[in-house]
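Peer 1:
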Amino acid sequence: LRFARLFPQLGLTEEGLQAYLSFLRGSVAAVAREEFDGLSTALARADSGAAPFVETLTNLLRAVAVAVEENTPVVREHFGGLAPRELVRELQKECDIRGTLVLQRFVEHRRLAALARRARRGGGEGDSAGGDAVDPREVESFLEEMLLLGQRVEEFSGFMVAQLRAAHADEVLPPATLASFRGGDLSQKEQEILMYYVQLEEYFMSTNMRKAIDI
Numbered sequence: 056l057r058f059a060r061l062f063p064q065l066g067l068t069e070e071g072l073q074a075y076l077s078f079l080r081g082s083v084a085a086v087a088r089e090e091f092d093g094l095s096t097a098l099a100r101a102d103s104g105a106a107p108f109v110e111t112l113t114n115l116l117r118a119v120a121v122a123v124e125e126n127t128p129v130v131r132e133h134f135g136g137l138a139p140r141e142l143v144r145e146l147q148k149e150c151d152i153r154g155t156l157v158l159q160r161f162v163e164h165r166r167l168a169a170l171a172r173r174a175r176r177g178g179g180e181g182d183s184a185g186g187d188a189v190d191p192r193e194v195e196s197f198l199e200e201m202l203l204l205g206q207r208v209e210e211f212s213g214f215m216v217a218q219l220r221a222a223h224a225d226e227v228l229p230p231a232t233l234a235s236f237r238g239g240d241l242s243q244k245e246q247e248i249l250m251y252y253v254q255l256e257e258y259f260m261s262t263n264m265r266k267a268i269d270i
């Protein structure tokens with residue numbers, strides 16, 4: 056910050072802001088890499104059933120939220136009233152990159168696409184395909200995980216939108232800006248997981264209902 060604060064004195068306010076935002080994005084990226092490395096280590100263990108996907112994503116989103124909250128008054132003071140808008144947008148970009156990596160790793164590790172495909176074919180425990188059976192207990196554990204991941208993303212998105220609205224306090228937040236903000240990679244990946252959630256929950260409920268009827 057001490058270095059970036061020199062730019063406005065030279066008439067280079069925008070350059071100073073971009074230098075500071077680049078530093079903040081680098082700090083968030085460093086946290087994200089550390090969290091992702093810890094996740095990869097956990098997944099490499101023999102028993103990765105309790106892999107900390109939710110914890111990893113939560114820590115990343117918290118780091119971004121704290122950076123926004125702590126630096127909003129700083130950039131406003133040193134780089135002008137419009138600077139908080141850039142702060143939110145730039146850190147959201149970094150979060151889109153890093154958070155999407157975590158969610159994509161979750162989708163791949165849990166093999167959600169294949170699991171949902173088998174569930175749509177009705178590959179339950181009593182399915183004649185045998186080896187293609189989907190264990191409802193496995194589905195149940197994944198449903199809870201997907202729900203928590205989605206909740207974290209929604210809570211974070213709500214926080215960031217609130218920050219963006221506050222940065223536009225003197226004017227209405229343009230719908231195009233909000234749509235672009237909510238249409239980022241992280242939100243799209245969350246929607247993909249939500250799609251799997253709906254399919255697997257339907258399978259889980261229908262399987263349990265059939266079991267209850269059989270009993």
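All the letters of the sequence shown, read from the start, carry residue numbers 56 to 270 under the numbering used here.
A virtual CB, placed ideally from N, CA and C, is assigned to each residue, including glycine.
#1: Could you tell me the distance, in whole angstroms, from the CA atom of A105 to the CA atom of K244?
#2: Tell me the DSSP secondary structure of H223 in three-state form.
#3: Where does the unbroken alpha helix (DSSP H) through A122 begin, and where does it stop?
#4: Shortest alpha-carbon distance to G136 belongs to which of V253, P229, L219?
#5: Using 8 Å for Cβ pairs, my map puts L79 next to A120. What's the rounded Cβ distance?
#6: To the nearest angstrom, how far is the alpha carbon of A224 from that of E256?
#7: On a CA-only basis, which of Y251, G213, R117 is nearest A236? Give me that one, please.
#8: Just the C-alpha distance for Q73 and D151, rounded to the nearest angstrom, thanks.
#9: Is it right to say L204 is buried, meaning 16 or more other beta carbons lie within 10 angstroms of its own, or is it exposed?
#10: In angstroms with no decimal places, state the Cα-to-Cα distance between R144 and R160.
#11: Using DSSP with H/G/I as helix, E/B as strand and the rest coil, what is L202?
#12: For a quick check, are the C-beta atoms of T113 and P191 less than 8 Å apart?
#13: Using only CA atoms, which one of T155, L76, H133, A169 lies nearest to Y251?
#14: When burial is assigned at 16 or more other CB atoms within 10 Å of the CB, is P229 buried or exposed?
#15: Suppose contacts are defined by Cβ-Cβ distances below 8 Å. Is E247 in contact with V189 by that definition?
#16: Relative to the C-alpha of A217, which candidate in Y258, E70, R140, V86 has its C-alpha closest?
#17: Taking the alpha-carbon positions, what's the P107 to A234 distance?
#18: Below 8 Å on the Cβ atoms is my guess for T155 versus L142; work out the distance and round it to an integer in Å.
Peer 2: Considering the structure as presented:
#1: Approximately 21 Å, taken between the alpha carbons.
#2: Here H223 sits in coil by DSSP.
#3: From DSSP, the alpha helix (DSSP H) with A122 extends over 108-134.
#4: With distances taken between Cα atoms, G136 lies closest to L219.
#5: No, L79 and A120 are not in contact; Cβ-Cβ is about 13 Å, not under 8 Å.
#6: Going from the Cα of A224 to the Cα of E256 covers about 41 Å.
#7: This sequence places Phe at residue 236; Ala is not what is there. Cα-wise, what sits closest to F236 is G213.
#8: Taking the straight line from one Cα to the other gives about 19 Å.
#9: L204 should be labelled buried.
#10: R144 and R160 have their C-alpha atoms roughly 24 Å apart.
#11: The answer is helix: DSSP assigns L202 an H, G or I state.
#12: Their beta carbons are not under 8 Å apart, which means T113 does not touch P191 by this criterion.
#13: Per the Cα distances, A169.
#14: Taking a 10 Å sphere around the C-beta of P229, we find fewer than 16 other C-beta atoms and assign the residue as exposed.
#15: No, the pair does not count as a contact, with Cβ atoms beyond the cut-off.
#16: The shortest C-alpha to C-alpha distance from A217 to any of Y258, E70, R140, V86 is the one to R140.
#17: Distance between the alpha carbons of P107 and A234 is about 31 Å.
#18: With a Cβ gap of about 20 Å, T155 and L142 do not count as contacting.
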